[in-house]
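The sequence shown begins at 65 in this note's numbering and counts up one residue at a time.
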Amino acid sequence: MLHVWRPSGEQVASIPTRKVGRVHDLKQHLDTLLGVPRFRQRIVHEDAVLDDDAQLASITDVQLVVLHISERDAKYFLKAVSGNSHVHVVEMLQKQHDPNLAAHYWGRHLTPLQAAAEAGYVSMVMLLLESGAHDVSDSGEQVALAAASRAGHREVVSLLLEAGGDRADRDCALQAATEAGHAQIVRMLLERGGVYDLTTRGYRESLVAASSTLNEQILSLLLEAHGRLGFFDRGWTRAVLGGVVARCRSSSFCIFGAFLAGLWLFFLISGYASPTKDERAREDREAVATVCIACTIMLLLFAIPYKILSLLLVSWAVSGDVQVNPTGKVSAPDEHCVHILAGHNGFVLSLCTVGDVLFTGSQDCNIMIWDLNNLQYIGTLPGHRGFVKCMVATLGRKLLCSGSQDKTIKVWSLETFSSTKTLYGHTSEVNSLTLMDGAPDSSS
């Protein structure tokens with residue numbers, strides 16, 4: 065058992081050593097337990113600060129020291145990120161600066177990841193993600209994903225979704241992409257994990273935004289995502305009215321409206337609106353009035369966005385086949401959660417099954433092992449120094465291979481659940497693996 069103490073002598077936690085093999089694992093556990101980012105933690109043993117790679121198997125007592133980061137340092141880091149200055153950012157990260165610390169910059173309260181995503185700095189976003197930055201604001205929203213979606217940076221959106229965007233609330237991102245008219249990003253947000261991650265309110269607001277911008281392509285994508293609103297939901301009325309108002313704002317409608325206003329003005333000024341006994345004058349007045357009324361009706365008919373309206377009406381008519389559960393999530397009627405396997409300190413990025421055993425690779429750099437029969441935790445395979453992004457197994461040789469963001473491939477024994485070899489050579493992260501058992505040289 066590992067005991068963690070504060071400098072004051074207060075015990076913070078007692079943790080089984082099998083759960084925290086390295087100091088890095090301990091910091092992540094304390095981050096979850098205490099809410100203190102690991103970049104502000106220093107683990108001290110016998111008056112020496114332990115490195116993140118230090119093993120804790122033979123240690124029973126450590127001291128936790130929490131560093132204070134000033135607003136000035138946070139603002140300087142945010143300025144370096146906004147300027148795409150890799151040198152200064154790396155320098156501060158090496159000094160254990162917290163990449164999640166938000167600050168005020170040019171009158172806005174931004175997170176470093178949000179600033180990089182909004183500017184479209186792909187390499188900077190990758191650097192921040194590798195250093196442990198998370199796209200979650202104080203309100204729980206994915207501000208960086210929303211900023212990238214609004215600006216139309218598809219590569220940044222893809223990176224953020226891969227880093228865990230599927231697991232969090234994407235309402236703001238979808239609405240931002242819809243309002244900006246980025247159909248490809250809307251498709252990405254809907255396809256990554258399905259529309260079921262979206263709340264009913266978020267889906268409704270995106271639908272209204274698509275109708276209000278008269279974007280038929282995005283509206284079709286939303287309606288085809290099998291996340292329709294309820295039959296009596298107020299979102300349908302708002303979407304139709306939004307389309308009508310948007311059409312009324314168009315330049316052609318304004319020109320037509322100005323022409324109609326001129327006709328009515330001419331009708332009033334010419335004296336036709338005043339009573340008269342002259343039969344011809346009365347006929348002329350009625351003719352002008354008929355023209356004005358006809359133009360008014362044409363103007364109203366012109367204001368109706370027929371394609372938008374038809375899409376909404378068809379979807380509304382068949383909206384009874386999707387249920388909305390009490391939590392506000394849009395969900396299919398035949399799907400339900402059987403059990404939740406919890407334990408990772410980051411987003412789960414890869415899965416692999418071998419018989420009744422499940423392996424899960426995570427953003428916390430660890431691989432967890434689960435028994436699918438009993439739905440219980442078996443153990444952890446530590447060793448990677450980056451996100452575990454892919455895994456593949458072979459029963460014949462009883463091996464599990466894992467690829468990581470640390471540019472390495474680790475080979476694990478399925479008999480002893482231990483690492484047998486580490487393969488080096490890649491110059492970038494490993495995103496996919498394939499085993500070819502039939503190859504003469506056993507290569508992959």
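Here a beta-carbon is modelled for each residue, glycine too, at the ideal position from N, C-alpha and C.
Check: So, A208 versus E243, is the Cβ gap smaller than 8 Å?
Finding: Indexing the sequence shown from 1 puts residue 208 at position 144. Indexing the sequence shown from 1 puts residue 243 at position 179. Contact: no.
Check: Which residue's Cα is closest to the Cα of T96: L254, V250, G410, L142?
Finding: Here residue 96 refers to the residue found at position 32 when the sequence shown is read from its first residue. From the listed residues L254, V250, G410, L142, the smallest Cα separation to T96 is found for G410.
Check: From G425, A351, P71, C236, pick the residue whose C-alpha is nearest to that of N495; which is it?
Finding: Here residue 495 refers to the residue found at position 431 of the sequence shown. Among G425, A351, P71, C236, the Cα nearest to that of N495 is on G425.
Notebook entry, point to check: Which one of Q239, G266, S222 has the shortest CA to CA distance from M252?
Noted result: Counting from 1 along the sequence shown, the entry for residue 252 is found at position 188. The shortest C-alpha to C-alpha distance from M252 to any of Q239, G266, S222 is the one to S222.
Check: Do three or more CB pairs link the segment 74 to 85 to the segment 434 to 449 at distances below 8 Å?
Finding: Here the segment 74 to 85 makes contact with the segment 434 to 449; the two share three or more CB pairs at distances below 8 Å.
Next item on the list: Sort out for me which residues DSSP pairs C24 with in a bridge.
Entry: No information on residue 24 is available, as it lies outside the stretch 65 to 508 that the chain covers here.
Next item on the list: Kindly identify the DSSP beta-bridge partner or partners of S477.
Entry: For the purposes of this step, residue 477 is identified with residue 413 of the sequence shown, where counting begins at 1. Note: S477 sits in a beta bridge opposite L463, S482.
Check: Got a sec: is the Cβ-Cβ distance from D428 to anything in chain B below 8 Å?
Finding: Here there is only one protein chain, and chain B is not present.
Item checked: Nearest candidate by alpha-carbon position, reference R104, set G73, V402, D137 -> By 1-based counting over the sequence shown, the position of residue 104 is 40. The alpha carbon of R104 has as its nearest neighbour, out of G73, V402, D137, the alpha carbon of D137.
Notebook entry, point to check: Can you give the beta carbon distance from L464 to I473, rounded, assuming they're within the 8 Å contact cut?
Noted result: Here the question's residue 464 lines up with position 400 in the sequence shown. Here the question's residue 473 lines up with position 409 in the sequence shown. With 8 Å as the limit, L464 and I473 do not qualify as a contact, their Cβ atoms being about 11 Å apart.
Check: When the Cα atoms are used, what is the spatial distance from E194 to Y140?
Finding: As a first step, residue 194 is located in the sequence shown; it is residue number 130 there, counting from the start. As a first step, residue 140 is located in the sequence shown; it is residue number 76 there, counting from the start. Spanning the two alpha carbons is a distance of roughly 20 Å.
Checklist line | Counted within 10 angstroms of its Cβ, other Cβ atoms place H132 as buried (16 or more) or exposed | finding: The sequence position of residue 132 within the sequence shown is 68, counting from 1. H132 should be labelled exposed.
Note to self: Let me make sure I understand the geometry here. Which of M190, E280, V151, A212 has the alpha-carbon closest to that of A181?
What the structure shows: Locating residue 181 in the sequence shown gives position 117, where the first residue counts as 1. Closest in alpha carbon position to A181, among M190, E280, V151, A212, is A212.
Notebook entry, point to check: From this set, T458, K453, M65, which residue's C-alpha is nearest G419's C-alpha?
Noted result: Taking the sequence shown and counting its residues from 1, one reaches residue 419 at position 355. The candidate whose alpha carbon is nearest that of G419 is T458.
Checklist line | Entirely enclosed beta strand (DSSP E) segments - the segment 136 to 207, minimum 3 residues | finding: Within the segment 136 to 207, the runs of beta strand (DSSP E) that reach at least 3 residues and sit entirely inside it are, in chain order, 167 to 169, 172 to 174.
Note to self: Considering just the uninterrupted stretch of the alpha helix (DSSP H) at L497, what are its terminal residues?
What the structure shows: Indexing the sequence shown from 1 puts residue 497 at position 433. Premise fails: L497 is in no alpha helix (DSSP H) and is neither H nor E.
Item checked: Beta-carbon spacing of S266, H246 below 8 Å -> Within the sequence shown, residue 266 is the residue found at index 202, counting from 1. Within the sequence shown, residue 246 is the residue found at index 182, counting from 1. The amino acid at residue 266 is misidentified as Ser; the sequence shows Gly. Taking 8 Å as the Cβ cut-off, G266 and H246 do not qualify as a contacting pair.
Notebook entry, point to check: Is there contact between the segment 109 to 116 and the segment 433 to 440, where contact requires at least three CB pairs shorter than 8 Å?
Noted result: A contact between stretches requires three or more CB pairs, one per stretch, nearer than 8 Å, and the segment 109 to 116 fails this requirement with the segment 433 to 440.
Check: Quick one, which of H490, F451, G73, D125 has its alpha-carbon nearest Q469's?
Finding: For the purposes of this step, residue 469 is taken as residue 405 along the sequence shown, with counting starting at 1. Nearest in C-alpha terms to Q469, of all of H490, F451, G73, D125, is F451.
Notebook entry, point to check: On the three-state DSSP scale, how would you describe Q248?
Noted result: One-based indexing of the sequence shown puts residue 248 at position 184. Of the three classes helix, strand and coil, the one that applies to Q248 here is helix, per DSSP.
Check: Can you tell which of Q248, A179, H173, A303 has its C-alpha closest to the C-alpha of T277?
Finding: On the sequence shown, position 213 is the one that residue 277 refers to. Minimum Cα-Cα distance from T277 among the listed residues Q248, A179, H173, A303 corresponds to A303.
Note to self: Between which residues of its own chain and V151 is the CB-CB distance below 6 Å, once the five residues before and five after are set aside?
What the structure shows: Working through the sequence shown from its first residue, we reach residue 151 at position 87. Here the set comprises nothing.
Next item on the list: Along the alpha helix (DSSP H) that carries A273, what are the first and last residues, could you check?
Entry: For the purposes of this step, residue 273 is identified with residue 209 of the sequence shown, where counting begins at 1. Run containing A273: 264 to 276, per the alpha helix (DSSP H) assignment.
Notebook entry, point to check: Beta carbon of L142, beta carbon of P176: below 8 Å?
Noted result: For the purposes of this step, residue 142 is identified with residue 78 of the sequence shown, where counting begins at 1. For the purposes of this step, residue 176 is identified with residue 112 of the sequence shown, where counting begins at 1. Yes.
Note to self: Taking its Cβ as the centre, do 16 or more other Cβ atoms sit within 10 Å of W476, making it buried, or is it exposed?
What the structure shows: Your numbering for residue 476 matches position 412 in the sequence shown. W476 comes out buried.
Margin query: If the criterion is Cβ atoms closer than 8 Å, does the pair P163 and Q127 meet it?
Written below: To locate residue 163, count along the sequence shown from 1; it is residue 99. To locate residue 127, count along the sequence shown from 1; it is residue 63. Their beta carbons are not under 8 Å apart, which means P163 does not touch Q127 by this criterion.
Next item on the list: Ignore the nearest five residues each way along the sequence and tell me which others in Q440's own chain have a CB closer than 8 Å to its CB.
Entry: Taking the sequence shown and counting its residues from 1, one reaches residue 440 at position 376. Cβ within range, chain order: W434.
Item checked: Nonlocal neighbours in the same chain, by C-beta distance under 8 Å from L286, ignoring five residues either side -> Mapped onto the sequence shown, residue 286 falls at position 222. Correct list, in chain order: T242, V250, L254, Y267, S270, L271, A274.
Checklist line | Own chain partners of Q92 with C-beta closer than 7 Å, once the 5 adjacent residues on each side are dropped | finding: Numbered from its first residue, the sequence shown carries residue 92 at position 28. Here the set comprises R102, N409, D428.
Notebook entry, point to check: When the Cα atoms are used, what is the spatial distance from L555 to T498?
Noted result: Residue 555 cannot be examined here, being either before or after the span of the chain that is shown, 65 to 508.
Check: To which residues of the same chain is N279 closer than 8 Å at the C-beta, ignoring the five residues directly before and after it?
Finding: Position 215 of the sequence shown, counted from the start, is the residue given in the question as residue 279. The residues are T242, G245, A247.
Margin query: Between which two residues does the beta strand (DSSP E) holding H520 run?
Written below: With the chain covering 65 to 508 only, the question about residue 520 has no answer from this structure.
Check: When we look at the beta-carbon of L305 and count the other beta-carbons within 10 Å, is it buried (16 or more) or exposed?
Finding: By 1-based counting over the sequence shown, the position of residue 305 is 241. Result: exposed.
Note to self: Taking the straight line between their C-alpha atoms, what separation do you get for A509 and G73?
What the structure shows: The structure shown has nothing for residue 509, since the chain only spans 65 to 508.
Next item on the list: Please name the residue, chosen from C454, H403, G467, G196, that lies closest to N437 on a Cα-to-Cα basis.
Entry: Reading the sequence shown from its first residue, position 373 is the one you call residue 437. That would be H403, whose Cα lies nearest to the Cα of N437.
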